[in-house]
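Notes for the one structure printed next.
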Amino acid sequence: MGKSILITGGARSGKSALAERWTLEAGNPAFYIATCRAYDDEMAARIAEHQGRRGPEWQTIAEPTRLVEALQETDGQAPRLVDCLTLWLSNLMEDEADVAAETARLVAALEAQHSTVVLVTNEVGLGIVPENALARAFRDAQGRLNQAIAEVADEVYLAVAGQPLKVKPNAHD
Amino acid sequence: MGKSILITGGARSGKSALAERWTLEAGNPAFYIATCRAYDDEMAARIAEHQGRRGPEWQTIAEPTRLVEALQETDGQAPRLVDCLTLWLSNLMEDEADVAAETARLVAALEAQHSTVVLVTNEVGLGIVPENALARAFRDAQGRLNQAIAEVADEVYLAVAGQPLKVKPNAHD
Amino acid sequence: MGKSILITGGARSGKSALAERWTLEAGNPAFYIATCRAYDDEMAARIAEHQGRRGPEWQTIAEPTRLVEALQETDGQAPRLVDCLTLWLSNLMEDEADVAAETARLVAALEAQHSTVVLVTNEVGLGIVPENALARAFRDAQGRLNQAIAEVADEVYLAVAGQPLKVKPNAHD
Chain A
1 MGKSILITGG ARSGKSALAE RWTLEAGNPA FYIATCRAYD DEMAARIAEH QGRRGPEWQT
61 IAEPTRLVEA LQETDGQAPR LVDCLTLWLS NLMEDEADVA AETARLVAAL EAQHSTVVLV
121 TNEVGLGIVP ENALARAFRD AQGRLNQAIA EVADEVYLAV AGQPLKVKPN AHD
Chain B
1001 MGKSILITGG ARSGKSALAE RWTLEAGNPA FYIATCRAYD DEMAARIAEH QGRRGPEWQT
1061 IAEPTRLVEA LQETDGQAPR LVDCLTLWLS NLMEDEADVA AETARLVAAL EAQHSTVVLV
1121 TNEVGLGIVP ENALARAFRD AQGRLNQAIA EVADEVYLAV AGQPLKVKPN AHD
Chain C
2001 MGKSILITGG ARSGKSALAE RWTLEAGNPA FYIATCRAYD DEMAARIAEH QGRRGPEWQT
2061 IAEPTRLVEA LQETDGQAPR LVDCLTLWLS NLMEDEADVA AETARLVAAL EAQHSTVVLV
2121 TNEVGLGIVP ENALARAFRD AQGRLNQAIA EVADEVYLAV AGQPLKVKPN AHD
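Protein chains in written order, with my numbering: chain A, 1 to 173; chain B, 1001 to 1173; chain C, 2001 to 2173.
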């Protein structure tokens, strides 16, 4: 079966670099599933620029919300990197989608897959409680999503200063 | 002697679920010491609802500030879960209580106890420095409290995406 | 060669106490390189008070920005504690210095040194995205700096509730 690896961490903690390295170790070429949404031409240009910089070993798929479909369509072909679950969640919430249902579909896809996937997400709940209600709702949703994916992932890491701290498997598994 | 286990982590990191599981593994039935303060009827109703959902293995004690007394009164009977030190601290600060003195009393109670206790707390200091002075004071107080309890705890865990990362004992103990 | 140890963590997570202990274990007396900037007489008085409290085993060097020079001047004499990289970075940004160039010089100094250095830094990127643009720029810069130093450090720890969680070396090194 395909392995699922979740890499979480704070901003600029080196999550994406670890994810890129581990995805290519699983297989080369690989798919890069980008979940950022291009709101305007400037952002679209930046996304294209990032894509160009990543090099020929990556085939980029831009999919702001249809992540499950992107995983299913690429399964069995090559390893996949998902960068990142935080933007996917943000897009789903912006569209007022059913986050719990989408999370359940993602969990099912991870359990059924044949190719490795490395998923990047963010820790956003270790600061003081935000005064903004939307920010509080987002950090709750992010925490629930991270728990659900970590539950089915084979390996979970917390990136700290670019270094991977193993979170799962652990002594309690 | 009774074992003390501290579980810290961010918002929605799965701390309480881990704490509930480990408390019941230490003994069933168990005490659930809830430190949240019911400010109004709506909140009181929500607390009662949570209590009902927890099931018959838990005997709930609501104690927003008199945590040390609750631990002493239940000691020798069954394991205890304290959920959570963050609300306890918040209530003490709201009442302008002597936090350092209360912390010292809690440390002494943990060192003298005969039953296991699992304490839930929060990490609130890993974001950018808050602009709000009260928020800065709270995160300093939370950090000091967490250090004091971790110092006497037998085991300390950081919950990350629902997974327990062992913090103590460690190679430096 | 001199060993480099990086201790990161949130506010009031016990980073400095760990750093002081480990520096003195490497050698006594030791240098305390303080990077805080005295903006006024009150702050200068507080810094002097802290310095007095640290005891005779420490020789304090106040250096808000010329950290690399302080490390070079003390090298070969005794272990050094740097408290902390976050204030150093903040001072560099305030002075509109070239942070990337200063980081490269610091990395080179750590690679060439003969005495042990223990460096304290902060995790500031694990909360919700700050609304303030300057705060976002700072947390990005802090993350990049932490990664660069962790990359060359022999050991990296995350302080959690006063306890050192080993981040490097890890299974992926």
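Don't be surprised by glycine CBs; every beta carbon is placed ideally from N, CA and C.
- Taking 8 Å as the CB threshold, D154 of chain A stays off the interface with chain B.
- Three or more beta-carbon pairs separated by less than 8 Å are not found between the segment 86-93 of chain A and the segment 1087-1097 of chain B, which leaves the two stretches without contact.
- As computed with DSSP, Q163 of chain A is found in a beta bridge with A:V160.
- Cβ proximity to chain B below 7 Å picks out G2010, A2011, R2012, S2013 and G2014 from the segment 2003-2015 of chain C.
- Proximity to I1149 of chain B across B:L1110, B:R1139 and B:V1068 peaks at B:L1110, based on C-alpha coordinates.
- For E155 of chain A, the beta-bridge partners assigned by DSSP are A:I5.
- Taking CB atoms only, Q147 of chain A has a neighbour in chain B less than 8 Å away.
- Interface criterion met: the Cβ of V1167 of chain B is under 8 Å from a Cβ in chain C.
- For R2144 of chain C, the closest Cβ of chain A is nearer than 8 Å.
- Per DSSP, the beta bridge partners of L2081 of chain C are C:Y2032 and C:V2118.
- Closest by C-alpha distance to G1162 of chain B, out of A:A161, A:K168 and A:V129, is A:K168.
- Boundaries of the alpha helix (DSSP H) around A2101 of chain C: V2099 to A2112.
- In chain order, A1034, C1036, A1038 and A1062 place their CB closer than 8 Å to the CB of I1047 of chain B, counting only its own chain and leaving out the 5 sequence neighbours on each side.
- Residue state for I1061 of chain B is assigned as strand, using DSSP reduced to three classes.
- Cβ contact annotation for P2164 of chain C (same chain, cutoff 8 Å, sequence separation greater than five): I2007, L2018, Y2157 and L2158, in chain order.
- Classified as exposed, E131 of chain A has fewer than 16 neighbouring CB atoms from the shown chains inside 10 Å of its CB.
- Counting other Cβ atoms within 10 Å of its Cβ, L1119 of chain B reaches 16 or more and is therefore classed as buried.
- Of all residues in the segment 2102-2125 of chain C, only E2123, V2124 and G2125 come within less than 8 Å of chain B when Cβ atoms are compared, listed by chain position.
- If you compare the alpha carbons of C:S2013, C:E2025 and C:K2015 with that of T2116 of chain C, the shortest gap goes to C:E2025.
- The CB of A1135 of chain B comes closer than 7 Å to the CB of I128 in chain A, given here in chain order.
- A2097 of chain C and A2153 of chain C have their C-alpha atoms some 24 Å from each other.
- Exclusion of the five residues before and after P2064 of chain C leaves T2035, R2037 and N2091 as the residues of its chain whose Cβ lies within less than 6 Å of its Cβ.
- For V1099 of chain B, no Cβ of chain A is located within less than 8 Å of the residue's own Cβ.
- Of all alpha-carbon atoms in A:M43, A:P79 and A:D173, the one lying nearest the alpha-carbon of E57 of chain A is that of A:P79.
- Rounded to whole angstroms, the gap between the alpha carbons of L2145 of chain C and D40 of chain A is 31 Å.
- Chain order gives the chain B residues near G2162 of chain C as Q1147, A1150 and E1151, where near means a beta carbon separation below 7 Å.
- Under the Cβ criterion of 8 Å, D1140 of chain B is counted among the residues facing chain C.
- For A1044 of chain B, the enclosing alpha helix (DSSP H) has its first and last residue at D1041 to R1053.
- Nearest CB-CB separation between N1132 of chain B and chain C: not below the 8 Å threshold.
- Sorting A:E155, A:A171 and A:G143 by C-alpha distance to the C-alpha of G10 of chain A places A:G143 at the top.
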